[in-house]
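This report refers to the structure that appears directly beneath it.
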Amino acid sequence: MSALLDVTELVKEYTPGGVLRAGHHTVRAVNGVSLAIARGETLGLVGESGSGKSTLGRAILHLDAPTSGRVTFDGVALATLKAADLRRMRRRMQVIFQDTGGALNPRRTVGDAISEGLHIHHLLPRAGIPERVAALLTEVGLDPAFASRYPHELSGGQRQRIGIARALAVEPEFIVCDEPVSALDVSIQAQVLNLLVTLRERRGLAYLFIAHDLAVVRHVAHRIAVMYLGTIVEIGTADAVIRQPRHPYTQALISAVPDPDPDRQRTRIVLEGEPSSPTGTAAGCPFAARCGHPQRDARCMSERPVLRPLGTQEVACHHAR
Amino acid sequence: MRTRHLAIGLVTMLALLAVIGPLVTGDPYAAGLDGARLSAPSWQHLLGTDQFGRDVLARLGHGARLSLGIATIAIGIAACLGLLLGVVAGGTHGPVAAILSRGIDLALALPRVVVLLVLVAVLGTLGPIGLGLILGATGWPTIARLTRGEAQAIRHAPHVTAARALGATPFRRLMREVLPGTLPPVMVAATLGVADVLLLEAGLSFLGIGIRPPTPTWGGMLLEAQPYLASAPWLLLAPAVALITATAAATIGGDVLRSRFRMAQE
Amino acid sequence: MTPPLIVRDLRVEFPRPEDPTVIAVDGIAFSVDRGELVALVGESGCGKSLTALSLLGLLPGSARLGPDTSITFQGEELAGLDEAAYRPFRGARMAMVFQDPTASLNPVMRIGSQIGEALTAHRSLPPAKVRERAIALLTEVGIADPARRVDAWPHQLSGGMQQRVMLAIALAGEPELLIADEPTTALDVTVQAQILELLDTLRTTRGMAVLLITHDLGIVAGRADRVLVMYAGRIVESAPTRDLFRAPRHPYTRGLLRSLPRLEAGTERLMPIQGTVPSPEQWPSGCRFHPRCPLRIARCAEAAPSLEPGASRHHVACWVTGEGRHA
Numbered sequence: 396m397s398a399l400l401d402v403t404e405l406v407k408e409y410t411p412g413g414v415l416r417a418g419h420h421t422v423r424a425v426n427g428v429s430l431a432i433a434r435g436e437t438l439g440l441v442g443e444s445g446s447g448k449s450t451l452g453r454a455i456l457h458l459d460a461p462t463s464g465r466v467t468f469d470g471v472a473l474a475t476l477k478a479a480d481l482r483r484m485r486r487r488m489q490v491i492f493q494d495t496g497g498a499l500n501p502r503r504t505v506g507d508a509i510s511e512g513l514h515i516h517h518l519l520p521r522a523g524i525p526e527r528v529a530a531l532l533t534e535v536g537l538d539p540a541f542a543s544r545y546p547h548e549l550s551g552g553q554r555q556r557i558g559i560a561r562a563l564a565v566e567p568e569f570i571v572c573d574e575p576v577s578a579l580d581v582s583i584q585a586q587v588l589n590l591l592v593t594l595r596e597r598r599g600l601a602y603l604f605i606a607h608d609l610a611v612v613r614h615v616a617h618r619i620a621v622m623y624l625g626t627i628v629e630i631g632t633a634d635a636v637i638r639q640p641r642h643p644y645t646q647a648l649i650s651a652v653p654d655p656d657p658d659r660q661r662t663r664i665v666l667e668g669e670p671s672s673p674t675g676t677a678a679g680c681p682f683a684a685r686c687g688h689p690q691r692d693a694r695c696m697s698e699r700p701v702l703r704p705l706g707t708q709e710v711a712c713h714h715a716r
Numbered sequence: 006m007r008t009r010h011l012a013i014g015l016v017t018m019l020a021l022l023a024v025i026g027p028l029v030t031g032d033p034y035a036a037g038l039d040g041a042r043l044s045a046p047s048w049q050h051l052l053g054t055d056q057f058g059r060d061v062l063a064r065l066g067h068g069a070r071l072s073l074g075i076a077t078i079a080i081g082i083a084a085c086l087g088l089l090l091g092v093v094a095g096g097t098h099g100p101v102a103a104i105l106s107r108g109i110d111l112a113l114a115l116p117r118v119v120v121l122l123v124l125v126a127v128l129g130t131l132g133p134i135g136l137g138l139i140l141g142a143t144g145w146p147t148i149a150r151l152t153r154g155e156a157q158a159i160r161h162a163p164h165v166t167a168a169r170a171l172g173a174t175p176f177r178r179l180m181r182e183v184l185p186g187t188l189p190p191v192m193v194a195a196t197l198g199v200a201d202v203l204l205l206e207a208g209l210s211f212l213g214i215g216i217r218p219p220t221p222t223w224g225g226m227l228l229e230a231q232p233y234l235a236s237a238p239w240l241l242l243a244p245a246v247a248l249i250t251a252t253a254a255a256t257i258g259g260d261v262l263r264s265r266f267r268m269a270q271e
Numbered sequence: 254m255t256p257p258l259i260v261r262d263l264r265v266e267f268p269r270p271e272d273p274t275v276i277a278v279d280g281i282a283f284s285v286d287r288g289e290l291v292a293l294v295g296e297s298g299c300g301k302s303l304t305a306l307s308l309l310g311l312l313p314g315s316a317r318l319g320p321d322t323s324i325t326f327q328g329e330e331l332a333g334l335d336e337a338a339y340r341p342f343r344g345a346r347m348a349m350v351f352q353d354p355t356a357s358l359n360p361v362m363r364i365g366s367q368i369g370e371a372l373t374a375h376r377s378l379p380p381a382k383v384r385e386r387a388i389a390l391l392t393e394v395g396i397a398d399p400a401r402r403v404d405a406w407p408h409q410l411s412g413g414m415q416q417r418v419m420l421a422i423a424l425a426g427e428p429e430l431l432i433a434d435e436p437t438t439a440l441d442v443t444v445q446a447q448i449l450e451l452l453d454t455l456r457t458t459r460g461m462a463v464l465l466i467t468h469d470l471g472i473v474a475g476r477a478d479r480v481l482v483m484y485a486g487r488i489v490e491s492a493p494t495r496d497l498f499r500a501p502r503h504p505y506t507r508g509l510l511r512s513l514p515r516l517e518a519g520t521e522r523l524m525p526i527q528g529t530v531p532s533p534e535q536w537p538s539g540c541r542f543h544p545r546c547p548l549r550i551a552r553c554a555e556a557a558p559s560l561e562p563g564a565s566r567h568h569v570a571c572w573v574t575g576e577g578r579h580a
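Sequence order for the protein chains is A, B and C.
Read left to right, the first sequence gives residues 396 to 716 (the numbering used here).
Read left to right, the second sequence gives residues 6 to 271 (the numbering used here).
Read left to right, the third sequence gives residues 254 to 580 (the numbering used here).
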């Protein structure tokens with residue numbers, strides 16, 4: 396069966412303008428990413444700041460048009476759609492944001508927010524909307540009475556559920572979850588994660604789950620892609636990537652994840668320095684400057700590695716094994 | 006708390022004066038019989054009479070109605086125009102927004118008073134409605150700039166992106182997501198703008214180029230009170246106090262609105 | 254030896270003119286020893302940040318300390334001191350590092366100057382010495398090329414480096430107590446590891462007492478000597494780190510540990526704690542956790558349990574699992 400979402404060599408560049416910046420260098424936030432997501436599958440996308448993961452999510456949805464590359468949803472190349480058709484297509488590919496407070500219009504009630512999609516796409520006659528809103532609220536674990544409340548009256552976890560209900564209202568097939576639990580308290584994170592998994596199973600949803608926390612992604616994703624400075628450096632099943640990471644960055648990332656077990660503290664691979672700004676102009680492997688692999692060599696600095704199969708994963712590294 | 010009550014009190018007083026005053030105080034045009042000219046405040050004429058024997062209180066009341074009426078028209082026009090132009094200039098991107106934006110900047114560069122004087126010179130004597138219109142026509146750039154700034158900030162808010170992700174058209178996003186957020190600051194600016202307009206209108210009338218006598222306006226009354234400063238100070242005091250009170254009420258009202266909006270945001 | 258910091262009955266209240274006083278921190282007690290790293294763990298709204306602020310006398314104007322609150326630092330009582338009396342302590346003997354370094358650094362001042370400000374706040378030094386000390390501090394916090402970086406502007410530094418600068422500023426006064434309020438929450442995970450490593454090194458080399466405030470139990474497991482778990486303004490469990498993770502006793506602590514996503518787990522469902530954290534205006538009676546607690550009994554709603562000393566230094570505030578009972 397063909398993939399629901401197919402991304403080929405996606406590139407997204409910005410030119411951060413502004414009077415105060417000397418020179419206009421382009422930032423290549425996404426540097427040639429290819430991936431595919433099947434129906435009902437969850438792909439976890441993990442990376443730190445500067446990795447381009449959020450930019451990738453937005454570019455896939457054409458919220459920011461990609462600089463180059465192709466995004467195909469259910470066989471349709473998004474770039475070929477006219478504006479009105481793209482808006483119609485959005486029904487099928489939704490998004491959940493990290494900033495629960497900002498993502499809801501403070502002047503609209505919860506019910507208004509959830510029914511927005513229903514109005515835009517004329518999915519229900521006006522009379523049927525309150526009932527659907529109530530059903531959605533129940534589905535995300537909230538009392539239907541919340542429909543008349545305002546976002547500022549609710550907690551972060553409740554607001555996130557509303558964001559989810561809003562996305563579900565249009566019956567999408569695919570949802571980009573952009574750091575959906577990063578801003579939530581630990582005990583609420585677990586609730587929302589469980590909710591996302593339940594919904595996925597019940598509705599057959601595909602997710603692109605973007606997060607910086609590998610442990611969170613572990614609980615949700617079938618496959619995991621690790622991003623560094625705009626490139627996917629490793630991609631494979633969740634099990635494989637976490638139990639047998641092949642790329643040096645993945646290994647460092649995993650070792651840095653705090654382990655809530657005092658006796659099982661991982662040996663930390665401490666990376667030097669920090670990720671540089673993704674100008675994408677540097678030749679060679681984006682991770683070369685910080686890589687601690689014993690076989691790092693001149694080839695790493697000059698030749699950019701591509702994803703190649705290694706075990707059950709694909710890894711972009713000249714020397715991984 | 007207290008400021009709010011003060012503002013409400015002042016506004017109520019002035020509203021009463023404007024609405025009811027003319028109905029109960031008598032004819033502002035009635036020239037007095039002998040002996041009633043330039044008379045000091047008395048029970049018969051609570052604020053005295055002017056050089057024609059006309060009751061000052063009656064004139065004040067009519068003046069209130071006129072001045073506040075002109076202010077309402079002016080602010081109404083300025084707010085509507087400014088809001089519309091500003092929200093499109095700041096809330097959309099593209100050539101239209103750019104042109105509008107430059108237009109707003111250009112309009113802001115013109116000094117309001119000079120433009121008013123030019124308009125009056127060109128259009129001649131204006132009635133209250135005409136005056137309200139030109140005051141509004143010169144008042145929209147400030148509100149447009151304010152709205153533009155707010156719209157630019159809101160445009161990038163996550164809830165606007167969320168609406169886009171749901172498939173909302175640019176128009177819908179502008180009207181439902183961006184515009185409502187610009188309203189509170191515009192309301193504050195409009196309220197404060199009332200003070201500006203009151204003073205401008207009074208100034209024009211004082212200069213003799215606004216509302217012409219015998220129609221009573223506060224500015225006109227100030228003009229006419231000039232020769233009688235020493236002999237009949239109440240002629241000056243009445244309109245001056247009224248003007249100051251009204252301006253203060255508008256300013257305080259604007260401040261109160263602003264702090265309430267700020268508190269609501271937190 | 255007496256611990257440098259001893260806190261007793263710390264209460265932080267917000268009196269309101271027409272409504273009942275809101276109590277944000279409800280009588281907590283703890284101490285931090287020299288060279289010890291104590292972690293104060295809790296979710297948002299539990300009062301941990303207010304606790305940190307109260308130690309340095311930085312509470313907002315509307316807040317009041319409780320009447321019996323005692324904050325003893327190196328034998329001196331800090332609770333109730335006024336601004337002027339507090340100043341000699343802040344920055345010199347007690348220092349604080351906050352969550353968001355970008356917000357804490359002055360964007361129009363070079364970092365060398367900001368460190369210099371901290372250095373000269375409590376003693377006078379000639380400018381050459383100030384610069385020398387600043388460079389030395391930057392080296393100590395692991396900033397490469399410190400002689401050049403000392404003239405950098407904050408925006409030229411990454412988040413991790415800014416946080417290191419904040420640490421340098423905090424250390425400038427040679428404090429005996431360092432309070433770090435969510436120092437790594439805004440940072441990437443790999444950078445977080447570096448900063449925590451740095452904190453650990455600093456407290457060992459300088460013998461500082463460190464109070465680390467965080468919501469992340471994960472970072473606590475590897476670093477802290479002792480953990481205090483806070484919920485709704487109270488400390489519900491206090492134990493040496495290993496004991497807390499190996500044998501958590503309070504139902505909240507257990508719930509929290511069970512709900513943590515873990516790398517090693519498979520894709521089993523997480524086990525979240527039912528319900529949500531109550532806000533201070535709506536704290537339940539008795540034990541504040543009881544509405545969400547799977548082990549609750551009638552008594553839990555009636556009266557609040559206090560921290561019972563258990564075996565070793567493990568204290569729990571629970572009617573069911575406290576008092577030496579191991580559920």
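Glycine included, each C-beta is placed from N, C-alpha and C at the ideal position.
Contact of A/Gly452 with chain B is not assigned, every C-beta pair being separated by 7 Å or more. What A/Leu594 touches in chain B, judged by beta-carbon distance under 9 Å, is nothing: the nearest beta carbon there is about 17 Å away. Using a 10 angstroms sphere on the CB of B/Gly14, the tally of other CB atoms stays under 16, which defines it as exposed.
Among the bridge pairs identified by DSSP, A/Glu709 is matched with A/Ile630 and A/Pro704. The straight-line gap separating the alpha-carbon atoms of B/Thr166 and A/Glu404 is approximately 25 Å. With a cut-off of 8 Å on Cβ pairs, the stretch 256–263 of chain B is not in contact with the stretch 171–186 of chain B, counting fewer than three such pairs. Counting of Cβ neighbours within 10 angstroms places A/Lys477 among the exposed residues, the total staying below 16. Take A/Ile509, set aside five residues on each side of it, and the residues of its chain with a beta-carbon closer than 8 Å to its own are Val528, Leu531, Leu532, Ala542, Ile557, Ala560, Arg561 and Ala564, in chain order.
The alpha-carbon separation between C/Ala292 and C/Pro493 amounts to approximately 10 Å. At least one CB atom of chain C sits nearer than 7 Å to the CB of A/Ile637. Residues of chain C with a Cβ closer than 8 Å to the Cβ of A/Val581 are, in chain order, Glu296, His468, Asp469, Leu470, Leu509, Ser512 and Leu513. With a 10 Å radius around the Cβ and a threshold of 16 neighbouring Cβ atoms, C/Ser307 comes out buried. Contact between B/Gly96 and B/Ala156 holds: CB atoms are separated by about 4 Å, below the 8 Å threshold.
Runs of the beta strand (DSSP E) lying entirely within the stretch 162–223 of chain B, each at least 3 residues long, are absent. Interface residue (Cβ-Cβ distance to chain A less than 7 Å): B/His161 is not classified as such. Listed along chain C is no residue with a C-beta nearer than 9 Å to that of A/Val505; the closest approach is about 16 Å. For a Cβ distance threshold of 9 Å, residue set Glu443, His607, Asp608, Leu609, Leu648, Ala651, Val652 and Pro653 of chain A lies close to C/Val442, ordered along the chain.
DSSP lists A/Val406 as the bridge partner or partners of A/Asn426. Judged by their CB atoms, C/Thr443 and A/Ala651 are nearer to each other than the 7 Å cut-off. Residue environment: C/Ile324 is assigned as buried (16 or more neighbouring CB atoms within 10 Å of its CB, all protein chains considered). At a beta-carbon threshold of 9 Å, the residues of chain A lying near B/Arg169 are Leu458, Arg482 and Arg485, ordered along the chain.
Considering only A/Ala620, A/Leu579, A/Leu537 and A/Gln639, the residue with the shortest C-alpha distance to A/Ala431 is A/Ala620. For A/Tyr644, the enclosing alpha helix (DSSP H) covers residues Pro643 to Ala651. Residues of the stretch 289–320 of chain C with a Cβ closer than 7 Å to any Cβ of chain A, in chain order: Glu296 and Ser297. Short of 8 Å from the beta carbon of C/His375, and not among the five residues preceding or following it, lie these beta carbons of its own chain, in chain order: Pro341, Gly344, Ala345 and Gly426. Inside the stretch 427–479 of chain A, DSSP marks whole alpha helix (DSSP H) runs of 4 or more residues at positions 448–455, from first to last along the chain. In this structure C/Phe283 is in contact with C/Leu481, their Cβ atoms being roughly 6 Å apart against a cut-off of 8 Å. Closer than 8 Å at the C-beta level to chain C, one finds these residues of the stretch 555–584 of chain A: Asp580, Val581, Ser582, Ile583 and Gln584. In the DSSP assignment, A/Met696 falls within the alpha helix (DSSP H) that extends over Ala693 to Ser697.
Taking a C-beta distance under 7 Å as the contact criterion, C/Ala570 and C/Ser559 qualify as a contact pair. Nearest to C/Val489 by alpha-carbon distance, out of C/Asp404, C/Ile281 and C/Ser297, is C/Ile281.
The beta carbon of A/His614 falls within 7 Å of a beta carbon belonging to chain C, placing the residue at that interface.
Between B/Ala173 and chain A, the shortest Cβ-Cβ separation is below 7 Å. Closest in C-alpha terms to C/Ile276, from the list C/Glu266, C/Arg507 and C/Val285, comes C/Glu266.
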